[in-house]
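Chemist: To start, I am sharing the structure in question, which I have written as structure tokens.
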Amino acid sequence: MYQFSYKEIMDDSTQDARERERQAMQRAIELLELAQQKGVKSMEAAEALNYLNKLWHLFIDDLAKPENDLPNALRAELISIGIWITNEINRMRLGKSENFGGLIEICTIIRDGLK
Numbered sequence: 001m002y003q004f005s006y007k008e009i010m011d012d013s014t015q016d017a018r019e020r021e022r023q024a025m026q027r028a029i030e031l032l033e034l035a036q037q038k039g040v041k042s043m044e045a046a047e048a049l050n051y052l053n054k055l056w057h058l059f060i061d062d063l064a065k066p067e068n069d070l071p072n073a074l075r076a077e078l079i080s081i082g083i084w085i086t087n088e089i090n091r092m093r094l095g096k097s098e099n100f101g102g103l104i105e106i107c108t109i110i111r112d113g114l115k
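Set out below in structure tokens:
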């Protein structure tokens with residue numbers, strides 16, 4: 001009745017995973033845009049930074065796994081971006097930065113690359 005190849009199932013799973021990652025990144029962008037309007041000391045900023053921090057820790061953990069299928073150079077670049085983002089989040093939490101624009105720009109580039 002239903003006969004799918006393993007490759008078709010894996011391709012669908014990869015596409016589904018990319019779409020979920022894209023949606024998660026879109027949510028981060030929306031939260032960051034609201035936080036930018038409300039200010040770095042707002043509850044919205046705390047929520048946005050917390051969400052983004054958790055999201056990038058998940059991405060970094062996944063990228064660091066040997067079974068991740070992305071090319072090593074791309075994985076390394078994305079991990080570097082993730083480290084920069086988490087460092088910037090920490091700087092914002094300490095009141096040393098208000099760089100919502102930079103976070104939004106990077107997240108937008110990453111989101112668009114997931115299409």
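When we follow our numbering, the leftmost residue of the sequence shown carries the number 1, and every step to the right adds one. A virtual CB, placed ideally from N, CA and C, is assigned to each residue, including glycine.
Drop a sphere of 10 angstroms on the beta-carbon of Ile85, count the other beta-carbons inside from all chains shown, and report buried for 16 or more, exposed for fewer.
Modeler: What you label residue 85 is simply residue 85 of the sequence shown in a count that begins at 1. Flag for Ile85 reads buried.
Chemist: Quick check on Glu77: buried or exposed, where buried means 16 or more other Cβ atoms within 10 Å of its Cβ?
Modeler: The residue labelled residue 77 in the question sits at position 77 within the sequence shown. Taking a 10 Å sphere around the C-beta of Glu77, we find fewer than 16 other C-beta atoms and assign the residue as exposed.
Chemist: Among the residues of its own chain, which have a CB less than 7 Å from the CB of Glu33, if the five just before and after it don't count?
Modeler: Numbered from its first residue, the sequence shown carries residue 33 at position 33. For Glu33, where only same-chain residues beyond five positions count, the Cβ hits under 7 Å are Ile104.
Chemist: Which residue marks the beginning of the alpha helix (DSSP H) containing Asp112, and which one marks its end?
Modeler: In the sequence shown, residue 112 corresponds to position 112, counting from 1. Where Asp112 is concerned, the enclosing alpha helix (DSSP H) stretches over 100-113.
Chemist: Between Leu31 and Glu19, is the Cβ-Cβ spacing less than 8 Å?
Modeler: As a working mapping, residue 31 is identified with position 31 in the sequence shown. As a working mapping, residue 19 is identified with position 19 in the sequence shown. No, the Cβ-Cβ distance between Leu31 and Glu19 is not below 8 Å.
Chemist: Using only the alpha-carbon positions, how far apart do Ala64 and Arg75 sit?
Modeler: Working through the sequence shown from its first residue, we reach residue 64 at position 64. Working through the sequence shown from its first residue, we reach residue 75 at position 75. Cα-Cα distance, rounded: 8 Å.
Chemist: In or out: Met92 buried (at least 16 other Cβ within 10 Å) or exposed?
Modeler: For the purposes of this step, residue 92 is identified with residue 92 of the sequence shown, where counting begins at 1. By the 10 Å Cβ count, Met92 comes out buried.
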